[in-house]
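Participant: Can you read through this structure? Questions will come right after.
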Amino acid sequence: MRKSMRFAAGVSAVVLTIGLAGCTAGEPEDGDASSVTELNLPAVEAPWLGGYQAMVDLYEEETGITVNLTAFPFDGLRTQEANAAQSGSNAFDLLLINEQWVGQFYDNGWVQPVADVKPDFEWDEGLIQFDGIGRWDPDARATTPDGEVYSLPINGNIHEFMYRTDLYDQLGLDVPDDWEGVIDNAEAARSAGAASNGYVVRGKTPSYDFSAVLYSYDGAWFADESGGDYTPTIDTDEFREALEMFKALADVGPAAPQTIAQAEAISLMQGGDTLQATLVTASSVPLEDPAASLIAGKVGYAALPGGTPVSGVWTMGVPVGLPADRAAAAMDFLQWLTSQETMQAWADAGGVTTRTDVSSDRPELQVLIESADAIRGGLRYPFTPAMLEVTDPALGLYLSGDVDLEATITAIQSGLDRVVEEAGFSQ
């Protein structure tokens, strides 16, 4: 059995993968997965790639099926999968979908309902729903907790609160349960000279992080997403209060927050001069790496202050138009990957589980499991890319102090009114 990991980018990767797509022992119409000897799966160049590869190796050992895993950069993956879906090339046997892409993939009909492949499918009780990440209501054009299943979550990032346990102990700080407590701790650490940065806000890509603050103030981006009402609700008291708190959090952190994205936020924590941050579960890997982090072994993990962690999940679905035997084989792999036994092995190998019934002494996984019922969905709209072109720069300018509160409200409200209208979602 050959090793099957490839790192690729550009059209050549798709051409190669299309060539491999025919490597099956026939393509019967009855969905007989037993004839399939190879699967062609995409991957993303991310910290959890090694764990995913380990699970693929295990699947090959258990089944004898060769898995051709092709890893793309983040933006390249979306482009390759979109091209494959639109051309009907059947380049991939499953589509790997970031949370912010699911609305586009579902709404465009690029993945098919799981019941079309496995009519008797039932959601495994131990598999976390992530506020309906895998379910789609085509009438509302939204993910909903009771929608039809289109995909299964395979990598379970959510917002977690990460803090320096040594500095908390030194200063006698308690883990905060609200945003005001985060600021109080930040100011205490800065006053004592224990940390230059009290908290880190990712102001270069702020919409995701801001969502958690917004939801904790009972605010919302849109009037009724699950009901299909995408009227923007920016010009509200709740949105203003959340925005003011977001700015207060940025103000106890490093200068120029509008320049900080995920990599920079992790680096600031690793450097040892930052007290606390909100990061996704998988960020624990670089924070706990003694070769890269000065704070390895000194990080605490807790549920998000405010109680509204937002998911940043990777999920997988079967492409529309895939031959029936390959679709069945793909679903076999996906159900195997999300099973309790496999997710336990993935957790043991350092991966981020999507199940509540795995056991682990890793505190970041315990926080994920304990937060399962509180998770709020991320930015999953069919128009998310256009939305972020409005919200990310507007929020960044506000955090930097270049634009005031009311101008920010006006810019986001008017911008999202336009985005929603152009996407065909106006009421």
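Using my numbering, read the sequence shown as starting at -6 and increasing by one per residue. Cβ atoms here follow ideal geometry from the backbone N, Cα and C, with glycine treated the same way. Predicted model, so just to flag it, every value in this text is computed and none were measured.
Give me, in chain order, the residues of the same chain whose beta-carbon lies closer than 8 Å to that of G264; leave out the 5 immediate sequence neighbours on both sides.
Facilitator: For G264, where only same-chain residues beyond five positions count, the Cβ hits under 8 Å are L287.
Participant: Expressed to the nearest angstrom, what Euclidean distance is found between the alpha-carbon atoms of I405 and I259?
Facilitator: Each residue's Cα considered, the two are about 28 Å apart.
Participant: For the candidate residues W214, E399, A181, whose alpha-carbon lies nearest to that of V413?
Facilitator: Out of W214, E399, A181, W214 has the C-alpha closest to the C-alpha of V413.
Participant: Grouping DSSP H, G and I as helix and E and B as strand, with all else coil, what is S304?
Facilitator: If DSSP states are grouped into helix, strand and coil, S304 belongs with the strands.
Participant: Since D429 is in the alpha helix (DSSP H), which residue starts that stretch and which ends it?
Facilitator: Here the chain comprises residues numbered -6 to 420, so residue 429 is not present and cannot be evaluated.
Participant: In three-state terms, what does DSSP make of P250?
Facilitator: Looking at P250 - three-state DSSP - the assignment turns out to be helix.
Participant: Just to confirm the assignment, what range does the beta strand (DSSP E) spanning Q269 have?
Facilitator: Unbroken beta strand (DSSP E) run through Q269: 269 to 273.
Participant: Would you report the Cα separation of N320 and P312, rounded to the nearest angstrom?
Facilitator: Note that residue 320 is Ala in the sequence shown here, rather than Asn. Distance between the alpha carbons of A320 and P312 is about 8 Å.
Participant: With C-beta atoms as the reference, is W307 less than 8 Å away from N148?
Facilitator: Yes.
Participant: Expressed to the nearest angstrom, what Euclidean distance is found between the alpha-carbon atoms of D244 and N101?
Facilitator: Those two C-alpha atoms are separated by around 41 Å.
Participant: How would you call D354, buried or exposed, if buried means at least 16 neighbouring beta carbons within 10 angstroms?
Facilitator: Under this definition D354 is an exposed residue.
Participant: Which same chain residues end up closer than 6 Å to A235 when comparing Cβ atoms and leaving out the 5 residues on each side of it in sequence?
Facilitator: Cβ neighbours of A235 beyond the five flanking positions: V206, L207, Y210, G212.
Participant: For D202, which of P106, S27, G299 has the nearest alpha-carbon?
Facilitator: Comparing Cα positions, the closest option is G299.
Participant: Closer than 6 Å by C-beta to R183: which residues in its own chain qualify, once you throw out the five before and the five after it? Chain order, please.
Facilitator: Cβ within range, chain order: G191.
Participant: Any idea what DSSP makes of G408, helix, strand or coil?
Facilitator: Helix.
Participant: By alpha-carbon positions, which one of A64, P250, M155, N178 ends up nearest to G165?
Facilitator: Comparing Cα positions, the closest option is N178.
Participant: What does E31 pair with, by DSSP beta-bridge criteria?
Facilitator: T59.
Participant: Once the 5 residues before and after V360 are set aside, which same chain residues still bring their CB inside 7 Å of it?
Facilitator: Result list for V360: E153, Y294, A295, A296, in chain order.
Participant: Taking its Cβ as the centre, do 16 or more other Cβ atoms sit within 10 Å of K419, making it buried, or is it exposed?
Facilitator: First, the amino acid is wrong: residue 419 is Ser here, not Lys. Exposed, since its Cβ has fewer than 16 Cβ neighbours within 10 Å.
Participant: What would DSSP say about R319, mapped onto helix, strand or coil?
Facilitator: In this structure, R319 counts as helix in the three-state DSSP scheme.
Participant: Once you ignore the five residues that flank E231 on each side, which residues in its own chain have a CB closer than 7 Å to its CB?
Facilitator: Hits under 7 Å: Y210, D211, G212.
Participant: Contact criterion: CB-CB distance below 8 Å. Does F232 meet it with respect to chain D?
Facilitator: In the structure shown, chain D does not exist; there is a single protein chain.
Participant: Use the C-beta contact count for E218: other C-beta atoms within 10 angstroms, 16 or more gives buried, fewer gives exposed.
Facilitator: Buried is the call here.
Participant: For R(-1), name the three-state secondary structure that DSSP assigns.
Facilitator: Low per-residue confidence applies at R(-1): pLDDT is 49, beneath 50, and the placement is therefore not dependable, though the value from the model is reported in the following sentence. Looking at R(-1) - three-state DSSP - the assignment turns out to be strand.
Participant: Buried or exposed: W103, going by 16 or more other Cβ atoms within 10 Å of its Cβ?
Facilitator: Its Cβ being crowded by 16 or more others within 10 Å, W103 is buried.
Participant: Assuming R373 and Q93 are in contact, meaning their beta carbons sit under 8 Å apart, how far apart are those beta carbons, in whole angstroms?
Facilitator: Right, the Cβ-Cβ distance comes to about 7 Å (below 8 Å), so this counts as a contact.
Participant: With three or more C-beta pairs closer than 8 Å as the rule, is the region 52 to 68 touching the region 30 to 43?
Facilitator: Taking 8 Å as the limit for Cβ pairs, the verdict is that the region 52 to 68 does touch the region 30 to 43.
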